[in-house]
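Reviewing the structure listed below.
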Amino acid sequence: MQNHFPLWKNSLVLIVFTIALVYALPNLYGEDPSVQVSSTKSEKMGQEKATQIESAIKTAGVAVKAFEFKGGRVLARLSNTDDQLKVADLLRDNVGGDYTVALNLAPTTPGWLQAIGADAMYLGLDLRGGVHFLLEVDMDAAVKQAEERYNDDIRLALRNEKIRYQSVAKDSGYIKVKLKAAEDKPQFLALLGKDFRALDVTEPLQAQDEVWLKVSVREEKEIKKFAVAQNMTTLRNRVNELGVAEPVIQQQGENRIMVQLPGVQDTTRAKEILGTTATLEYRLVDVEHDVQKAVEGHPPVGSRLYYEKNGQPILLNRQIIVTGDQIVDASSGMDQDGRAAVFISLNGVGAAKMGKLTQANIGKPMAVVFIEYKVDTRIINGEKVRHKEKVEKVISVATIQGVFSKRFQTTGLDSPQEARNLSLLLRAGALAAPVDIVEERTVGPSLGQDNIDKGFLSFIVGFVLVVLFMAVYYKLFGMIANFALAFNVVIVVAILSMLQATLTLPGIAGIILTVGMSVDANVLIFERVKEEIRNGNSPQTSIFIGYEKAFATILDSHVTNLVVAIVLFAFGTGSVKGFAVTLIIGILSSMFTAITGTRMVINWIYGDRRVEKLSI
Amino acid sequence: MKLTNINFIGNRNIALIFSSLLSIISIASLAVNGLQMGIDFTGGTLIEVGYQKAADLSVLRSTLDEAGFSDATVQNFGTAKDVLIRMKLQEGVSSADLSTKVLDAINKNTVTPASLRRVEFVGPQVGDDLTEDGFLALLYSTIGILIYVAWRFEWKFSLGAVIATFHDVIVTLGVFSVLGMEFDLTVLAAVLALIGYSLNDTIVVYDRIRESFLTLRNKTTEEMMNYSVNITLSRTIMTSLTVILVLVSLFFLGGEVIHGFSVVLLFGVFFGTYSSIFIASPVALMLGVSPADLMPPVKEGEHIDHLP
Chain P
1 MQNHFPLWKN SLVLIVFTIA LVYALPNLYG EDPSVQVSST KSEKMGQEKA TQIESAIKTA
61 GVAVKAFEFK GGRVLARLSN TDDQLKVADL LRDNVGGDYT VALNLAPTTP GWLQAIGADA
121 MYLGLDLRGG VHFLLEVDMD AAVKQAEERY NDDIRLALRN EKIRYQSVAK DSGYIKVKLK
181 AAEDKPQFLA LLGKDFRALD VTEPLQAQDE VWLKVSVREE KEIKKFAVAQ NMTTLRNRVN
241 ELGVAEPVIQ QQGENRIMVQ LPGVQDTTRA KEILGTTATL EYRLVDVEHD VQKAVEGHPP
301 VGSRLYYEKN GQPILLNRQI IVTGDQIVDA SSGMDQDGRA AVFISLNGVG AAKMGKLTQA
361 NIGKPMAVVF IEYKVDTRII NGEKVRHKEK VEKVISVATI QGVFSKRFQT TGLDSPQEAR
421 NLSLLLRAGA LAAPVDIVEE RTVGPSLGQD NIDKGFLSFI VGFVLVVLFM AVYYKLFGMI
481 ANFALAFNVV IVVAILSMLQ ATLTLPGIAG IILTVGMSVD ANVLIFERVK EEIRNGNSPQ
541 TSIFIGYEKA FATILDSHVT NLVVAIVLFA FGTGSVKGFA VTLIIGILSS MFTAITGTRM
601 VINWIYGDRR VEKLSI
Chain Z
1001 MKLTNINFIG NRNIALIFSS LLSIISIASL AVNGLQMGID FTGGTLIEVG YQKAADLSVL
1061 RSTLDEAGFS DATVQNFGTA KDVLIRMKLQ EGVSSADLST KVLDAINKNT VTPASLRRVE
1121 FVGPQVGDDL TEDGFLALLY STIGILIYVA WRFEWKFSLG AVIATFHDVI VTLGVFSVLG
1181 MEFDLTVLAA VLALIGYSLN DTIVVYDRIR ESFLTLRNKT TEEMMNYSVN ITLSRTIMTS
1241 LTVILVLVSL FFLGGEVIHG FSVVLLFGVF FGTYSSIFIA SPVALMLGVS PADLMPPVKE
1301 GEHIDHLP
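Order-wise, the sequence lines are chains P and Z.
For the first sequence, our numbering assigns the number 1 to the initial residue and increments by one for each residue that follows.
For the second sequence, our numbering assigns the number 1001 to the initial residue and increments by one for each residue that follows.
This is the structure in structure tokens:
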């Protein structure tokens, strides 16, 4: 009984085969172009809204294949991409600001497959089209901003505690505090110990009335970590606002964030929305001092010089009334006079501040400052220079007519488009630190489909060539190897689907390469079997020894291949990683199919009987 | 295939001289021509656009020239309808929105606007990182293989395998440099896959040599090696052929994006097969490998008792 598999081994192969077939199955079904609507608020969409959306599409006369309402989002499946765009435009005008409309490709996998968690492979951007961005967070700016905040906070604390000081200023990496009198120092140090523990304190020997402060190393680390985390949240919000189905936002390394937006074609708008750090500030106008003096370089203590859009200088109070973080909602539209406006809602703290201030200052002018960080990398004399600009402009100055607090509007923006973008940015929150786009890869939808078609065609042709070659050269044994080869491809596809690993064009190339290489194991075995026959062994013994002796070789050669594939996986990025993944899965599963799979079939055919000659 | 008996090892000097020559030519070409590094490594912008009909490249060039993109290189990509525009990182120009400006410029004066097929922008920092990662990947895979082969076999084999693999990589890169094809991330992935393949081939031969060392008697090391190379010859060629079949399919049907990848592997598989027959074993032999290296260790003093 040399060539006989125990029942458990036969069952194992068959069970693996069946499972692989089932999980590979979803890839045979296509995808429906569809439109997806979901709520941007924390509460989910209700049945009522869903019905309203459904009827809106029906009245427009577009044929809907299926309409699904599940988990707080609506999915309308349509028969073609023209209908998809039509419905999306229609809904964008209809659903209102609390909902986002996104284009999506919904798989048509039947329910019973979805129920067992079987999905089609996840296609990478090079196959489905879309944008990939790598954003770098400007850590230095984050730390600098924090220093500035501390600078202001300390001045405020000194005033509140009634400690007299001469100056608080940033100088050579320190926040240098000069007190009026050295005897106030213990009181100040106590204050620092209570409220400013994140600062390292230095007491310079040469100046008894001074205390130098520095953001501690630990705090700096925290600031950086927070900046990346905060930026990721903001980016996620912004991407949701853009209306992208299945976006990917991941941290990469210490200070980079990867954003992938499948299906997005308008990269200009995407870049604008992701990269800008626009926010608003409300300040009172300083009417007491002379603007001209400030322009000449002598600004009054409590004020700062700004410029209006038309270039006119204006003095504003240093004290900020309300900043962008206190804005909880914003929407865009037109005011009574038809000018582009942003309607703003403040949170409790902001509303209270605004209310108190407007009450005390009726009849006085207030200014809205639009702040934007623009960052880009330029090459100057071969050196990479990060160029950063903080653009501050006063977009409107208006007299406070009455008391307002929670809700109000701001005008003075250039266009409805600018108003729309600003309201989106205010809603999504500000970036904690400026970001810089350091990598961009966009793939148009036509190229994506092209890549799929070409990849599939070259796979089929390559596969058929190998199958023919094996069948001609190794006859029946070759056909058995071919069966194992097909089995191997099914397993690779099934595992890729189960892991939801990203399939890229190099990934497809990896599968094709696996087809060529995985027959190697069978070639090794079959050559060995032939050799044993030449050595005068009986067919049964030759099969047995052939498999036995080839095994060690197969193991050795596959492990070396695996080592390289794993290194490739560890260092590869994007599409190259996809190649490594398919290679790794292919190498592992081919060990199983080419050794155990073929052996099972050969045992069925030749095992347990007298054999004169092998068809090899 | 009949069992062959070709004196591969005995004629090793011919192969070694041939390979040395190939390597020298390759290194010379790499030194003089270098590799046409893609924007993945150098940083820069690449834009692929598609036209309805064959694109007029000279018009496109002058349009870009007028728009101030004089350093852009324009060429067809795959078909006459597809055009690839490449730009270096520019001095004093913000890089992030370069692609938008270029697309605006070329679509301004044309009746049938080009459709955007692909944009790749790689900033200088990312380019440096990718280069470093690529280099490290090569280094670590080499070290990993050295360790594995040394553990499974013996250091002389390990060194022989690595020399043979390096030979394949250098000669393939040399061909790439002579052809002037662009070296991008996908091509680098192919080079790594080639390392895996070439090694796989060498290991199979080594495995057989080890077996011969243990089973064959009354033969010189050279004869044992020659026997092993000959007996695995049909397998070596068969496997190479199946891989070449799929690569040919990939080369002709896989599209332009994957071209460099299939070219590297086509040449790589060819040289990998050659080196596992002609280089790997002779090098191990010249390093002084002998059956004694692979014998199971014998406890000291024990065998003396068994002497007759």
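Just so it is clear, CB atoms sit at the ideal spot from N, CA and C, and this is done for glycine as well.
Within the DSSP bridge table, the entry for P/S396 names P/V368 as partners.
Using a Cβ-Cβ distance cut-off of 8 Å, the region 393 to 400 of chain P and the region 294 to 311 of chain P are in contact, since at least three pairs of beta carbons, one from each stretch, lie closer than that value.
In terms of beta-carbon proximity, P/A509 lines the interface with chain Z, with at least one pair separated by less than 7 Å. If the five residues before and after Z/L1035 are omitted, its C-beta is found closer than 6 Å to the C-beta atoms of S1177 and F1183, all from its own chain and listed in chain order. Identification of residues in the region 1016 to 1028 of chain Z having a C-beta nearer than 8 Å to some C-beta of chain P yields an empty set. DSSP places P/S332 in the uninterrupted beta strand (DSSP E) bounded by I327 to M334. P/Q260 and Z/K1053 have their C-alpha atoms spaced approximately 32 Å apart.
At least 7 Å separates the CB of Z/A1284 from every CB of chain P. In the DSSP assignment, Z/I1277 falls within the alpha helix (DSSP H) that extends over H1259 to F1278. In this structure, the alpha-carbon of P/G536 lies about 11 Å from that of P/V529. Within the region 1025 to 1052 of chain Z, the runs of alpha helix (DSSP H) at least 4 residues long that lie entirely inside it are, in chain order, 1039 to 1042. In the structure shown, the three-state DSSP call for P/H558 is helix. Three or more beta-carbon pairs drawn from the region 1155 to 1173 of chain Z and the region 1138 to 1146 of chain Z are found closer than 8 Å, and the two stretches are therefore classed as touching. Just so you know, the alpha carbons of P/I602 and P/K549 end up roughly 17 Å apart. Inclusion of P/V342 and P/T410 in the CB contact set at 7 Å is warranted, their separation being smaller than that value.
By the Cβ test, the region 488 to 506 of chain P is in contact with the region 17 to 29 of chain P, since at least three Cβ pairs between them sit closer than 8 Å. For P/G572, the closest alpha carbon among the candidates Z/F1251, Z/R1210 and Z/D1133 is that of Z/D1133.
By the 16-neighbour rule on beta-carbons within 10 angstroms, Z/M1295 is exposed.
The bridge partners DSSP lists for P/R304 are P/L316. Residue state for P/N104 is assigned as strand, using DSSP reduced to three classes.
Under DSSP, P/L213 shares a beta bridge with P/I175 and P/V201. No Cβ-Cβ contact shorter than 7 Å links P/L125 with Z/R1118. In the displayed model, P/R441 falls within a strand according to three-state DSSP. Per DSSP, Z/E1211 lies in no beta strand (DSSP E); the unbroken alpha helix (DSSP H) holding it starts and ends at L1185 to T1215. Going by beta carbons, P/I320 and P/E281 fall inside the 7 Å limit. In this model, P/E147 and P/D153 are separated by some 10 Å (Cα to Cα). If you draw a 10 Å sphere on the C-beta of P/R128, you find 16 or more other C-beta atoms in it, and that means buried.
Between the alpha carbons of Z/L1266 and Z/P1124 lies a gap of roughly 31 Å. Close partners of P/E136 in chain Z (Cβ separation under 9 Å): G1123, Q1125 and V1126.
Rounded to whole angstroms, the separation of the alpha carbons of Z/V1205 and Z/S1281 is 8 Å.
Close to Z/T1242, with beta-carbon spacing below 7 Å, are these residues of chain P in chain order: V466, F469, G516 and V519.
The beta carbon of Z/S1099 sits closer than 8 Å to the beta carbons of T1045, I1047, V1119 and F1121 from its chain, once the five residues preceding and following it are set aside; these are given in chain order. Here the alpha carbon of Z/L1064 sits roughly 46 Å from the alpha carbon of P/R149.
Between the C-alpha atoms of Z/I1039 and P/E220 there is a straight-line separation of about 34 Å. Cβ contact annotation for P/E418 (same chain, cutoff 8 Å, sequence separation greater than five): A340, in chain order.
The beta carbons of P/M517 and Z/V1169 sit no closer together than 7 Å.
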